[in-house]
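Chains as they are written, first to last, in my numbering: chain A, 1 to 259; chain B, 1001 to 1269. All C-beta atoms, glycine included, are put in the ideal place defined by N, C-alpha and C.
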Amino acid sequence: MAFTPETSVDASPAVFELKAAAFTLPLIRLLGTDTDAVAEQLRAKVEQAPDFFRNTPVVIDLSGLPPHTGDIQFPLLVGLLRGYGMIPIGVRGGDASQNEAAEAMDLAILGDAYVRKPMPAAAKSPSKQGSEGIQDAAGHGRADAPRPVSDFPSKLVVHPVRSGQRVYAAGGDLSVVGPVSSGAELMADDNIHIYGPLRGRALAGMKGNHNARIFCQDLDAELVSVAGHYRISESIPTALKGVPVQIFLDQDVLRIEKL
Amino acid sequence: MARIIVITSGKGGVGKTTTSASLAMGLAQRGNRTAVVDFDIGLRNLDLIMGCERRVVYDFVNVINDEANLNQALIRDRRCDSLFVLPASQTRDKQALTKESVGKVLEELSQAFDYIVCDSPAGIEHGATMAMYYADDAIVVTNPEVSSVRDSDRMLGILSSKSRRAETDVEPIREYLLLSRYSAERVANGEMLSVEDVQEILSLDLLGVIPESRSVLNASNAGVPVILDAESDAGQAYGDMVARYLGEQLPHRFLGVRKKGFFSRIFRG
């Protein structure tokens, strides 16, 4: 979702900029499809704080519904929310037919990559590597609370990252307390911190953040990269191996410095 | 409820089946009702190492396909009454194993046994993932060389993401390291990774170090789990491993270079 404004270097003065911004929006997480019950409980909620909901954009989250619930009465639901002054702008976490019905109501389909449904993973596994990576990143004890990514974009991993595992902190920092094995891959849109030996790969600034850095206690990496500028193990001087370092971009040159 | 232990490694030839046989025998000798299950469909070996290859009538796949019941397929060990072997099929396709069918068999075994030892095939494919899916504990068998260590690391990653415990978000599988075919001489010469090297890379609890030993091959040829060879260093090391698994604190043995005795110096120069 990131657009780089640098590409709009033009002769005529620009009249707009294309930028990305993150907003925190209230989420209405449906747990059942009975519209009457929703209406009843919503009324009670709104009565508590009518001003809070006035002209508030909301997102409808369908990930809490049991699988195969079928169609949702979007016209009724949207009408209901609008009736209380809310502005429903989109849905997320729905299946294909639910998304289609939502689109028919002019609701945006928002990315649900970070919604983890509390269900057996066998039912819907994207790609082998993907599911493994995301699950590892999520760690233990998070399954019950899917959150929008914009709330807490940074990620903390407190177990060893093993060969073949991938951890990606989208939109934030990644901290790892433990070793990162050779063949493992760490990725983050911002900085990466490793409290342990780094023997795998670490890629910071995945979406082009030139100010991202990698900090690690014991460098023995296969590859390090900041915003696409990388170095492989062979081109890391031996003097910098096995010591605490930071890795950053200096005038588009990747620098590794002892800490 | 039985405790389900998977013996796994990723790499082949590191000693998974030898370890499965000795662990199962060791647990059974201490009075635990133990079943050892061969998941290596198509390349079965466990029955050979256990010395029961001539008594196999029905196998794991027969049980899964309801062609036989568990009691018909389980082979009681002649040396130890509380040890049973569930052999793999040599002729069937390993796709016969599914999560549901394996779960059903393990569930049934759990009713009757204290420990179920699952001997995993090499690799990270279907058979290996089936063997580890229901595990409570995992013993990762590793040789002190880089490719084995890396494969074990990969296997540990899979254990922590693709097992039932990971998927249902309960307490994760307990993982242990078993270093096998360890040669102190070659470590001293710098030809092999040391215990410390391997532990540093894998950061796991060390359950035991099994020295490279001729007694392992001899025992396999004779169809006797090497743990029964109490004279041999490997047999004693497996004995220690079982004790440690059951919670005893024992120092690790066989880590140093053995000094040559007087006679061997004379006869071997």
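### Message
Report the CB separation of residue 1070 of chain B from residue 1108 of chain B in whole angstroms; it is logged as a contact under 8 Å.
### Response
Their Cβ separation, rounded to whole angstroms, is 6 Å, which keeps residue 1070 of chain B and residue 1108 of chain B in contact under 8 Å.
* Asked: Under a three-way DSSP split, which group does residue 1236 of chain B fall into?
  -> Assigned with DSSP and collapsed to three states, residue 1236 of chain B falls in helix.
Check: Since residue 1231 of chain B contacts residue 1181 of chain B with CB under 8 Å, what's their CB separation in whole angstroms?
Finding: Their Cβ separation, rounded to whole angstroms, is 19 Å, which puts residue 1231 of chain B and residue 1181 of chain B out of contact at 8 Å.
Open item on the list: Counting only Cβ-Cβ distances shorter than 9 Å, please list the residues of the stretch 1199–1216 of chain B near chain E, keeping chain order.
Closed with: Annotation note: the requested chain E is absent from the structure, which comprises protein chains A and B.
(request) Taking only the alpha-carbon atoms, compute the straight-line gap between residue 259 of chain A and residue 237 of chain A and give it to the nearest angstrom. (result) Distance between the alpha carbons of residue 259 of chain A and residue 237 of chain A is about 15 Å.
### Message
So, at 7 Å on beta carbons, what are the nonlocal neighbours of residue 1185 of chain B in its own chain, with the 5 sequence-adjacent residues on each side left out?
### Response
Within the same chain, residue 1185 of chain B has close Cβ partners 1257.
Chain-ordered residues of the stretch 154–176 of chain A with a beta carbon less than 9 Å from chain B: The stretch 154–176 of chain A vs chain B, Cβ under 9 Å: 159, 160, 161, 162, 163, 164, 165.
Distance, residue 1076 of chain B Cα to residue 1084 of chain B Cα: Rounded to the nearest angstrom, the two C-alpha atoms are 5 Å apart.
Subject >> Nearest-angstrom Cβ-Cβ length linking residue 1179 of chain B and residue 1210 of chain B, presumed shorter than 8 Å >> reply: Cβ-Cβ separation between residue 1179 of chain B and residue 1210 of chain B: approximately 7 Å, consistent with a contact (criterion under 8 Å).
| request: Put residue 1211 of chain B into one of helix, strand or coil per three-state DSSP. | output: Reduced to three states, the DSSP call for residue 1211 of chain B is strand.
Taking the C-alpha atoms as reference points, what is the distance between residue 1010 of chain B and residue 1059 of chain B? Near 24 Å, if we compare the C-alpha coordinates of residue 1059 of chain B and residue 1010 of chain B.
> Taking the C-alpha atoms as reference points, what is the distance between residue 1174 of chain B and residue 173 of chain A?
Replying inline: Roughly 29 Å separates the two Cα atoms.
Per-residue DSSP class, three states only, for residue 226 of chain A:
It is a strand residue.
Quiz item: For chain A, is any of its Cβ atoms less than 8 Å away from the one on residue 1174 of chain B?
Solution: Contact with chain A is absent for residue 1174 of chain B, since none of that chain's Cβ atoms lies less than 8 Å from the residue's Cβ.
Where do the N-terminal and C-terminal ends of the beta strand (DSSP E) with residue 1121 of chain B fall, by residue? Run containing residue 1121 of chain B: none; DSSP gives neither H nor E here.
Please confirm if the stretch 190–205 of chain A is in contact with the stretch 215–225 of chain A, defined as three or more CB-CB distances below 8 Å between the two stretches.
-> Put simply, the stretch 190–205 of chain A touches the stretch 215–225 of chain A. At least three CB pairs are less than 8 Å apart.
Near-chain B residues of the stretch 175–195 of chain A - C-beta to any C-beta below 9 Å:
From the stretch 175–195 of chain A, only 178, 179, 181, 182, 183, 184 have a Cβ closer than 9 Å to chain B.
Practice prompt. Mind the definition here: the stretch 243–252 of chain A touches the stretch 210–217 of chain A only if three or more C-beta pairs lie below 8 Å; say whether that holds.
Written response: With contact defined as three or more Cβ pairs closer than 8 Å, the stretch 243–252 of chain A and the stretch 210–217 of chain A are in contact.
Check your understanding: When the Cα of residue 1135 of chain B is compared with those of B/1236, B/1018, B/1168, which residue comes out closest?
Key -> Among B/1236, B/1018, B/1168, the Cα nearest to that of residue 1135 of chain B belongs to B/1168.
message: Once DSSP output is grouped into helix, strand and coil, what is the label at residue 52 of chain A?
response: It is helical.
Discussion item. Can you pull the chain A neighbours of residue 1147 of chain B, defined as C-beta to C-beta under 8 Å?
Written reply: Chain A residues near residue 1147 of chain B: none, gap ~11 Å exceeds 8 Å.
Using CA atoms only, rank isn't needed, just tell me which of B/1033, B/1063, B/1028, B/1015 is closest to residue 1045 of chain B. Considering only alpha carbons, the answer is B/1015.
- Which residue's Cα is closest to the Cα of residue 1066 of chain B: B/1157, B/1055, B/1097? Nearest C-alpha to residue 1066 of chain B among B/1157, B/1055, B/1097: B/1097.
Give the list of continuous beta strand (DSSP E) stretches no shorter than 3 residues that lie fully inside the stretch 10–49 of chain A. You should have 27–29.
* Please work out which residues of its chain come closer than 8 Å, Cβ to Cβ, to residue 1093 of chain B, disregarding the five sequence neighbours upstream and downstream, and give them in chain order. => Cβ within range, chain order: 1041, 1042.
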